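The sequence shown: position 17 = 23 (my numbering), numbered continuously.
Glycine residues also receive a C-beta, built at the ideal position from the N, C-alpha and C atoms.
The structure displayed is predicted, hence computed values, not measured ones.
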Amino acid sequence: MLNIVIFGPPGAGKGTQAALLVEKYGLVHLSTGEMLRDEIKRGTALGEEVKQLMGAGHLVSDEIVFELLRGRLEESKTSKGFIFDGFPRTTKQAEMLDKAMADHDIQINLTIVLQLDDSTIIKRILHRAEVEGRADDANIDIIRTRIKNYNEQTAVVMDYYKAQNKLYTVDSENTIQDTFEHLSRIIAEM
Ligand code: ADP
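Below, the structure is given as structure tokens:
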């Protein structure tokens, strides 16, 4: 199995690169942001619970997110591998993930950090707000809250994987194709 975590600030292109990885390597894409947005769209009790937090750019609790993810891991445990997008975002989530994977005798093989400047992040997200209409994309203060959460809470998770020699950085300032070629090279050299 090939199990990859993709990190990057909001707007870095995690979803876009994940979709390309799915196509090339036949992985199952697990985006906790998408799962949460789907709960909101379907008007479930869980969706109602997380709506305000997400709309304000804050993180949802580790327990809620992990509960959603766990079911999906179970469903696809015989797949070629997973690409985790937007998860883990805290060290607690990384530990929960390791434990769940160890129960199935699998592990994270590789973690990728997509890197780009704050000014590019804001430009890209404001553009996405026009195209996709996500509630948390339209307001600059909410975008800044999300960048801050990333720098303060998720950067630590990268140290967790760095200590395991699994962390690679990819420049995401250039084209989608440039970024994907770099990513593919890292996987090929594994
Ligand atoms: P982005 O990376 O652009 O912020 P995501 O779709 O990954 O977009 O996440 C959107 C929102 O969903 C986050 O701001 C947060 O509120 C919530 N969320 C997604 N994944 C997690 C997670 N692993 N832990 C906590 N909250 C999450």
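Residue ranges of each beta strand (DSSP E) run of no fewer than 3 residues wholly in the segment 103 to 137, ordered along the chain? 116 to 121
Cutting at 7 Å between CB atoms, please list the residues of its own chain near residue 98, excluding the five before and the five after it. 68
Three or more C-beta pairs below 8 Å linking the segment 70 to 81 and the segment 17 to 30: no
Are the beta-carbon atoms belonging to residue 20 and residue 92 less than 9 Å from one another? yes
Pick from 126, 100, 46, 144: whose alpha carbon is nearest that of residue 160? 100
Would the beta-carbon of residue 20 be found less than 8 Å away from any heavy atom of the ligand ADP? Result yes, Cβ under 8 Å from the ligand ADP.
CB of residue 136 to nearest heavy atom of the ligand ADP: below 8 Å? no
Could you pull the start and end residues of the beta strand (DSSP E) that residue 175 belongs to? 173 to 177
Assigned secondary structure, residue 67 (DSSP; H/G/I helix, E/B strand, else coil): coil
Relative to the C-alpha of residue 17, which residue among 106, 41, 71, 152 is closest? 152
I want to check one thing, is the minimum distance from the CB of residue 66 to the heavy atoms of the ligand ADP below 8 Å? With a threshold of 8 Å, the Cβ atom of residue 66 counts as near the ligand ADP, since some heavy atom of the ligand is closer than that.
Classify residue 178 as buried or exposed, calling it buried when 16 or more other Cβ atoms lie within 10 Å of its own Cβ. buried
On the CB-based measure, 16 or more other CB atoms within 10 Å of its CB, does residue 32 come out buried or exposed? exposed
Among 168, 154, 113, nearest to residue 89 - alpha-carbon criterion: Relative to residue 89, the option among 168, 154, 113 whose CA is nearest is 113.
Quick one: what's got a C-beta closer than 6 Å to residue 40's C-beta in the same chain, skipping five residues either side? Taking residue 40 as the centre and dropping the five residues before and after it, the same chain places no C-beta closer than 6 Å to its C-beta.
Please report how far the alpha carbon of residue 184 lies from the alpha carbon of residue 47, in whole angstroms. 34 Å
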